[in-house]
Amino acid sequence: MNIYGVVYKDKGKEYYFNGNDLRIPNNVTVIVDTNRGEQFGKVVKKISQEEANAVKDELRDIKRIATRKDYDQYLKNCKDCDEALKNAQVLSDELGLNMRFIDGDFTFDRKQLLLNFYADDRVDFRELARKLAGIYHTRIELRQVGARDKACIVGGIGICGKTLCCATFLNHMDTVTINMAKDQNLALNPSKINGCCGRLLCCLTYEEDLYVKCSKGLPLVGEKVSYQGKIGEVLSVDILNRCYKILVNDEVEDVCLKDEENT
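All letters in the sequence shown, in the order written, are residues 1154 to 1416 by the working numbering.
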């Protein structure tokens, strides 16, 4: 069994598909089977056996390598989708709906048109869906997305200088809490801990387990602790190195639990 990573858009999310007996080089376009119907995508890599064993989801198939005719159909779908987005925005404005359309796509077989939109409140878009179905004669799905999903779709550059994780490799977004920033001893400054979406950075989850593990046994800043028979106040804590500074009799002392644990 050959498993390949496929993207629908350049620098977009990567999804895994079963290529069966197909031998497909990177950057070759393919037609894949999805739960929404056929989709046009591009192979970006072949998955190693180790990665394949870690894939828990049921894999759908790559149906075939795309032909020139398939590519022409894909270009037509993209052009028609751009027009559909404009029409949807005009119709929603006419209906007085507070919706801002972000992106969308036809399935390759044009059995469905998906349009993503952002809105501050819940929107009753049933009349809009009926009007669009009358124009395009296909199943219409209007999906309201939140701030995180909007960033994922639109993309951008994070404060780290790299392309947003959610727009590239993150296929699942874990819950991010303010306690994670506190656990990692970060300044609770929104400009530092919030992403482009205005929500807490997804990357706060990446090292959370390590910080929780390393913080065990460490005191909190401002806490009174005993040191060599004297009481001192904790000035700062270096969680990853398991060290902290304390003020004892107007002198600053360094305490490292890692050294004590190694003795």
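Think of the CB as a built atom: it goes at the ideal place given N, C-alpha and C, for glycine as much as any other residue.
The beta carbons of Leu1400 and Leu1410 sit about 18 Å from each other, so the pair does not count as a contact at 8 Å. Secondary structure within the region 1163-1230: the alpha helix (DSSP H) runs of 4 or more consecutive residues, fully enclosed, are 1202-1207 (chain order). With fewer than 16 neighbouring CB atoms inside 10 Å of its own CB, Val1405 falls in the exposed class. Around the beta-carbon of Ile1184, 16 or more other beta-carbon atoms lie within 10 Å, marking it buried. With respect to Asn1180, Lys1162 sits apart: the two C-beta atoms are not nearer than 8 Å. Taking the Cβ atoms as the reference, Val1298 lies roughly 7 Å from Ile1255, within the contact range of under 8 Å.
Of the candidates Ala1205, Tyr1168, Ile1218 and Asn1188, the residue whose Cα lies closest to the Cα of Ile1177 is Ile1218. Each of Ser1344, Ala1207 and Val1276 was checked against the Cα of Arg1253, and the nearest Cα belongs to Val1276. In terms of Cβ geometry, Leu1357 and Ala1334 form a close pair [threshold 8 Å]. Cys1350 is positioned such that its CB atom lies no closer than 8 Å to that of Lys1383. Every alpha helix (DSSP H) stretch that sits fully inside the region 1351-1381 and reaches 4 residues is listed by chain position as 1361-1368. Approximately 7 Å separates the beta-carbon atoms of Asp1336 and Ser1368; this is inside 8 Å, confirming the contact. Annotation for Gly1287: the continuous alpha helix (DSSP H) segment containing it runs Arg1279 to Tyr1289. For Asp1225, the closest of Glu1203, Thr1182 and Glu1204 by C-alpha to C-alpha distance is Thr1182. Between Tyr1169 and Ile1200, the beta carbon gap of about 6 Å places them in contact (Cβ cut-off 8 Å). Residue Asn1338 holds the alpha-carbon nearest to the alpha-carbon of Leu1363 among Val1378, Asn1338, Tyr1380 and Asn1342. In the three-state reduction of the DSSP assignment, Gln1337 falls in the coil class. Collapsing the DSSP output to three states places Cys1313 in coil.
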